[in-house]
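Here the structure comes first, spelled out in structure tokens, and everything after it is commentary.
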Amino acid sequence: MPETKLASALEALFDEKPAEYGDAHARLFQEFKDALNAGHARAAEPDPASPTGWRVNGWVKKGILVGFRMGSIVDMSIDPAKQPFLDKHTYPVKRFTPAAGVRIVPGGSSIRDGCYIGKGVTCMPPMYVNVGAWVGDGTMIDSHALVGSCAQVGRNCHVSAAAQIGGVLEPVGALPVIIEDDVLIGGNCGVYEGTIVRRRAVLGAGVILTRSTPVYDVVRGEVYAAADDAPLIIPEEAVV
Numbered sequence: 253m254p255e256t257k258l259a260s261a262l263e264a265l266f267d268e269k270p271a272e273y274g275d276a277h278a279r280l281f282q283e284f285k286d287a288l289n290a291g292h293a294r295a296a297e298p299d300p301a302s303p304t305g306w307r308v309n310g311w312v313k314k315g316i317l318v319g320f321r322m323g324s325i326v327d328m329s330i331d332p333a334k335q336p337f338l339d340k341h342t343y344p345v346k347r348f349t350p351a352a353g354v355r356i357v358p359g360g361s362s363i364r365d366g367c368y369i370g371k372g373v374t375c376m377p378p379m380y381v382n383v384g385a386w387v388g389d390g391t392m393i394d395s396h397a398l399v400g401s402c403a404q405v406g407r408n409c410h411v412s413a414a415a416q417i418g419g420v421l422e423p424v425g426a427l428p429v430i431i432e433d434d435v436l437i438g439g440n441c442g443v444y445e446g447t448i449v450r451r452r453a454v455l456g457a458g459v460i461l462t463r464s465t466p467v468y469d470v471v472r473g474e475v476y477a478a479a480d481d482a483p484l485i486i487p488e489e490a491v492v
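Residue numbers 253 to 492, in my numbering, belong to the letters of the sequence shown in order.
Okay, here's the thing in structure tokens:
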């Protein structure tokens, strides 16, 4: 169905909170999850008219939350005797085929269904990508790295070992973490609370960015910080 119709249906279901979910609800949610997996439905997307350059799609976050409400805890274990895995049946592990063009190197990585992983993405073990995330073509997600719920990571980025790209699922109107194209996130970095890192920026190893982190620009003599109505934004081509 068209995106506007899908959005309206999910928002209505989010507000309705039915006592039971039927087959029609399951079909609606599957269509939504297909749109997430294909990259058509995004928790946030570029918007030149927005002060931040990005627009939050609250209906996408509502759809993800509906999935948690609908889900029943099931056994997803490959070998329950050695390692049990239990989760909501609505969010199993995402399935890939060679045609997806994604490298998932063996060794303990997990990618949750309901996220977009572009062609040429490399996933080094162990790493994790949560529901609602969007990872652009050619990006590397290194060992022990996290791409949290609804985080948006651009094309040709490098998310180094043990880096944490925080998730922002609630509140539904809150901007998720945004990593734009060609960004290098150094090892053990943490980017949280709706921070935006602009194109071609570099974060050195161990940098932590949150809404309460002021960043001093020694070149321009400016301080970048979040405000009540605006996130922390790291400028294009900055080195932090």
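The beta carbon of each residue, even a glycine, is placed where N, CA and C say it ideally should be.
All of these numbers come straight from a predicted model, not from anything done at the bench.
- Contact between the segment 348-361 and the segment 375-394 is established, with three or more Cβ pairs separated by less than 8 Å.
- The three-state secondary structure of methionine 379, taken from DSSP, is coil.
- In the DSSP assignment, alanine 296 falls outside any alpha helix (DSSP H) and lies within the beta strand (DSSP E) extending over 296-298.
- Residue environment: tyrosine 368 is assigned as buried (16 or more neighbouring CB atoms within 10 Å of its CB, all protein chains considered).
- Excluding the 5 residues flanking it on each side, serine 395 has same chain C-beta neighbours closer than 7 Å at Met376, Pro377, Pro378, Met379, Ala413, in chain order.
- DSSP places glutamate 263 in the helix class (H, G or I) of the three-state scheme.
- Three or more pairs of CB atoms, one per stretch, sit closer than 8 Å, so the segment 267-281 contacts the segment 314-322.
- The three-state reading of DSSP puts arginine 321 in helix, counting H, G and I together.
- Counted as a single uninterrupted DSSP element, the alpha helix (DSSP H) harbouring glutamate 283 occupies residues 275-290.
- Contact between the segment 451-465 and the segment 424-435 is present, with at least three C-beta pairs closer than 8 Å.
- Beta-bridge partners of aspartate 331 (DSSP): Gln335.
- Collapsing the DSSP output to three states places glycine 388 in coil.
- Nearest to alanine 426 by C-alpha distance, out of Lys269, Val312, Leu265, is Val312.
- One alpha carbon belongs to arginine 472, the other to alanine 490, and they sit about 11 Å apart.
- Alanine 479 sits in a strand when the DSSP states are folded into three classes.
- Taking a cut-off of 8 Å for Cβ pairs, the segment 457-464 and the segment 328-335 do not touch, as fewer than three such pairs fall below it.
- Between valine 429 and glutamate 445, the gap from beta carbon to beta carbon is short of 9 Å.
- The Cβ atoms of threonine 447 and alanine 415 do not sit closer than 9 Å to each other.
- Around the beta carbon of serine 329, a 10 Å sphere encloses fewer than 16 other beta carbons of the protein chains shown; the residue is thus reported as exposed.
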